[in-house]
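**Q**
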Amino acid sequence: MDYSRKVQFKGEGEGIRLLISEDIPMDCLHDAVNTALDKAEKLAIGVPLILDFKMRPLTQKDVVSFLSNVVMKRPLKIKEWRVLDRGGKEVLDRMGFKTQEGQRTYQGKGTLFVQRSLRSGNTIEHDGDVIVLGNVNEGAEIYATGSVCVWGKLCGLAHAGCEGDDDVFIIAGSFEANQVRISDKISYVQPDTFWTGKPVKVYVDQGKIVVSELSG
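Numbering (this note's numbering), first residue to last: 2 to 217.
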């Protein structure tokens, strides 16, 4: 079944409201929304976008998975998150996303959400995963015992699994760093590498750091 038909685009002010039906099974959600966005071509790119999940219950894991598998794959400009389910609304508020009732900042036990860009000289150290909803500029550093996800440009240093965990990864919306670190492994990157400026996932495979481009 083509669940992408249950994803609708509606104009709202200067932006677009993306209505995601709660009738879409969770295991089909990413494919449905990605297909709908692909069909819309450039309609939603660069335009203020409201993500409306209607009555769908959302967990923190659901939101992080949606970020990694949908939002990070294209240059979306998320203006607001909406959900009518009370539990889902509380999850979004705790995670620091902008919702209809304002914006909060929250540090979870396992995941740190940074809702700003990091400038040169900024350093983040966290026991768990780190998600940056902005850019990591040159001279900024992130050290995480878990994975690192950068919504925007990664120009600074990201060190995932800094206490020795190989089973983590780094995701960047636009990879522009000259090095990345996972566990005790370091990979130096030439500025003319083919994935420079592209969305990528960095991980360890058979003891070596691997970089793969995220398809749109």
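Built from N, CA and C at the ideal position, the CB exists for glycine as well. This one's a predicted model, so the numbers in the text were calculated from it and none came from an experiment.
Quick one: using the 10 Å Cβ neighbour count with 16 as the cut-off for buried, is Val201 buried or exposed?
**A** Counting Cβ neighbours within 10 Å, Val201 comes out buried, since at least 16 surround it.
**Q** By Cβ distance below 7 Å, which residues in the same chain neighbour Asn70 in space, the five residues on each side in sequence not counted?
**A** Once the five neighbours on either side are set aside, the close Cβ partners of Asn70 are His31.
**Q** Am I right that Ile21 and Lys55 are in contact with their C-beta atoms under 8 Å? What's the rounded C-beta distance?
**A** Yes, they are in contact, since the Cβ atoms of Ile21 and Lys55 sit about 7 Å apart, within 8 Å.
**Q** Can you look up Asp39 in the DSSP assignment and give me helix, strand or coil?
**A** In this structure, Asp39 counts as helix in the three-state DSSP scheme.
**Q** With DSSP as the reference, label Val169 as helix, strand or coil.
**A** Val169: coil per DSSP, three-state reduction.
**Q** On a Cα-Cα basis, can you pick out the residue from Ala41, Leu113, Ile210 that is closest to Arg182?
**A** Nearest of Ala41, Leu113, Ile210 to Arg182, Cα basis: Ile210.
**Q** Give me, in chain order, the residues of the same chain whose beta-carbon lies closer than 8 Å to that of Gln101; leave out the 5 immediate sequence neighbours on both sides.
**A** Within the same chain, Gln101 has close Cβ partners Glu81, Arg83.
**Q** So, helix, strand or coil for Gly135, using DSSP?
**A** DSSP places Gly135 in coil when its eight states are reduced to three.
**Q** Would you kindly work out how many angstroms separate the C-alpha atoms of His127 and Lys99, rounded to a whole number?
**A** The straight-line gap from Cα to Cα measures roughly 23 Å.
**Q** By alpha-carbon positions, which one of Ile171, Lys186, Glu23, Asp185 ends up nearest to Ser213?
**A** The shortest C-alpha separation from Ser213 is found at Ile171.
**Q** Tell me which residues share the same chain as Tyr189 and place their Cβ nearer than 6 Å to its Cβ, disregarding the 5 neighbours each side in the sequence.
**A** So the list reads Gln180, once near-sequence residues are dropped.
**Q** Locate the beta strand (DSSP E) running through Leu20, then write down its first and last residues.
**A** Counting along the chain, the beta strand (DSSP E) containing Leu20 begins and ends at 16-21.
**Q** Taking Gly140 as the reference, which of Gly129, Asn123, Leu85 has the closest Cα?
**A** Among Gly129, Asn123, Leu85, the Cα nearest to that of Gly140 belongs to Asn123.
**Q** I need the straight-line Cα distance from Gln104 to Asn136, nearest angstrom please.
**A** Unreliable placement is indicated for Gln104, whose pLDDT of 41 sits below 50; the coordinate value is still reported in the next sentence. Straight-line Cα distance between these residues: approximately 19 Å.
**Q** Would you kindly work out how many angstroms separate the C-alpha atoms of Ile187 and Cys156, rounded to a whole number?
**A** So the alpha carbons of these two residues sit roughly 15 Å apart.
**Q** Would the beta-carbon of Arg57 fall within 7 Å of that of Glu23?
**A** Yes, the Cβ-Cβ distance between Arg57 and Glu23 is below 7 Å.
**Q** If you measure between the beta carbons of Gly89 and Leu59, is that distance less than 7 Å?
**A** Result yes, Cβ atoms of Gly89 and Leu59 sit closer than 7 Å.
**Q** Can you tell me whether Ile25 is buried or exposed, with buried defined as 16 or more other CB within 10 angstroms of its CB?
**A** Buried, since its Cβ has 16 or more Cβ neighbours within 10 Å.
**Q** Whole angstroms is fine: what's the gap from Asp206's alpha carbon to Ser118's?
**A** Asp206 and Ser118: Cα-Cα distance of roughly 30 Å.
**Q** If you run the structure through DSSP and keep just helix, strand and coil, what is Thr106?
**A** Here the model assigns Thr106 a pLDDT of 37, short of 50, so the residue's position is not dependable, and the following value carries that caveat. Reduced to three states, the DSSP call for Thr106 is coil.
**Q** Assign Glu42 to buried or exposed, taking buried as 16 or more other Cβ atoms, counted over all protein chains shown, within 10 Å of its Cβ.
**A** So Glu42 ends up on the exposed side.
**Q** Could you say which of Lys154, Ser148, Val64 lies nearest to Arg120 if we only look at CA atoms?
**A** The candidate whose alpha carbon is nearest that of Arg120 is Lys154.
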